[in-house]
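Just so it is clear: in the sequence shown, position 20 is 770 by this note's numbering, and no numbers are missing.
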Amino acid sequence: MARVHPAVCFGYFCVVILLTVFQSHPFCLGISLIGAISYLGTLRTERLGQTLFWLLPTTLAAALINPAFNHRGATILGYLPGGNPLTLESILYGLAAASMLAALLLWSLCYRRVMTAEKFIFLFGRVAPSLSLLFSVAMAFVPRFAARMGEVARARRGLCGGESKGTLADRAKEGLKVLSATVTWALEGAIITADSMKSRGYGLPGRTAFALYRFDRRDGALLALVLGLSAYVAVGMSAGIMRFVWFPAVKGNTLSLYGGSVYGAYLALCLLPAVLEGRERRLWKRLQSKI
């Protein structure tokens, strides 16, 4: 996916994220979650376990919070200290909402890894130059800010012990100094970036930009496949195949032959980038073995 045309890549992530948001069937949520984990595993194999380690407690917390505020459902399991009922449907719905949140976070990580700022500016630089530049800078700001804060903290720790010495108040003051230095760096960097882009004529009418992206036949075939699978899934959703009711009782449509084909198309759509990435890696290993 990183090698295809940015328009195809951006369109794929938009379709997958929208399909994940606008349906709550447990099968579809599981498929989306499996596809996101598979693709992220091919992109960040060495950090997949670390990502899932911090993602699991976050999603579990979201699942546990829902029954404390949502008391709908026909199956009452007990009563909370405040007297509100604890229902099975609210627990299951909380798990579904947590799965949706986890899938969205994982797809967002995949998007950030594949859709670079250069690709985003290539797509929207002429339509909305200021907005595209602001969005691309914001996407890259958080990891750079965290990395620079770590550098400042390590430098101060090497010079004067940093936050590892003194009382809690002293460590808090040291942390504020690190944050202040990092924020100052970020503001200076923003000014330099703005001046640099202005001097290059960014956003002026008639400005041209060099890009290596060309829409070839492979991009066209992949775009046709994505649009075909997405349209098939969308037709299935409009026909009620993926309809699922959580309240007052959990109820979904029975699985039919057509419904199975819709779920299969959705599975193929979500696993498409992982399959492409795995194919490229196998091809690369085979070529390396022939050297």
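Positions of the beta carbon are idealized from the N, C-alpha and C atoms, including for glycine.
By the Cβ criterion, the segment 768–775 is not in contact with the segment 832–839, since fewer than three pairs of Cβ atoms, one from each stretch, lie closer than 8 Å.
With a cutoff of 8 Å on beta-carbon distance, methionine 751 and cysteine 764 are scored as not near each other. Sorting Ser774, Leu962, Ala897 by C-alpha distance to the C-alpha of methionine 987 places Ser774 at the top. When secondary structure is reduced to three states using DSSP, tyrosine 1008 falls in the helix class. Here DSSP, grouped into helix, strand and coil, assigns proline 955 to coil. Assignment of lysine 1040 by DSSP, reduced to helix, strand and coil, places it in the coil class. Per DSSP, reduced to three states, the secondary structure at valine 864 is helical. Straight-line measurement puts the Cα of proline 893 at about 21 Å from the Cα of glutamate 924. In the DSSP assignment, the residues bridged to proline 835 are Tyr829. In this structure, DSSP gives phenylalanine 994 an extended state, which the three-state scheme calls strand. When secondary structure is reduced to three states using DSSP, glycine 925 falls in the helix class. Setting aside the 5 residues that flank it on each side, proline 807 has no residue in the same chain whose C-beta is closer than 7 Å to its C-beta. Residue environment: serine 858 is assigned as exposed (fewer than 16 neighbouring CB atoms within 10 Å of its CB, all protein chains considered). Residue environment for lysine 1040: exposed (fewer than 16 other C-beta atoms within 10 angstroms of its C-beta). In the three-state reduction of the DSSP assignment, glycine 823 falls in the coil class, being assigned neither a helical nor a strand state. Straight-line spacing of the CA atoms in leucine 851 and glycine 990 works out to 23 Å.
If you look at arginine 797, you'll find it isn't in any alpha helix (DSSP H); DSSP assigns it neither H nor E. The count of Cβ pairs closer than 8 Å, one atom from the segment 819–830 and one from the segment 970–984, stays below three, leaving the stretches out of contact. Ranked by how close their Cα comes to the Cα of phenylalanine 997, the residues Cys860, Ile841, Gly1010 have Ile841 in first place. Sequence-distant partners of asparagine 820 (beyond 5 residues in either direction) whose C-beta falls short of 6 Å from its own C-beta, in its chain, are Ser840. Looking at the backbone, the Cα of asparagine 816 and that of arginine 950 are separated by about 50 Å.
According to the DSSP secondary-structure assignment, lysine 1001 is paired through a beta bridge with Val995. Selection Gly844, Ser782, Val864, Ala757 evaluated against arginine 794 yields Val864 as nearest (Cα-Cα). Straight-line measurement puts the Cα of arginine 921 at about 15 Å from the Cα of glycine 908. Residue environment: phenylalanine 965 is assigned as exposed (fewer than 16 neighbouring CB atoms within 10 Å of its CB, all protein chains considered). The continuous alpha helix (DSSP H) containing methionine 987 extends over residues 967–988.
With contacts defined as CB atoms closer than 8 Å, threonine 792 and alanine 1018 fail to qualify as a contacting pair.
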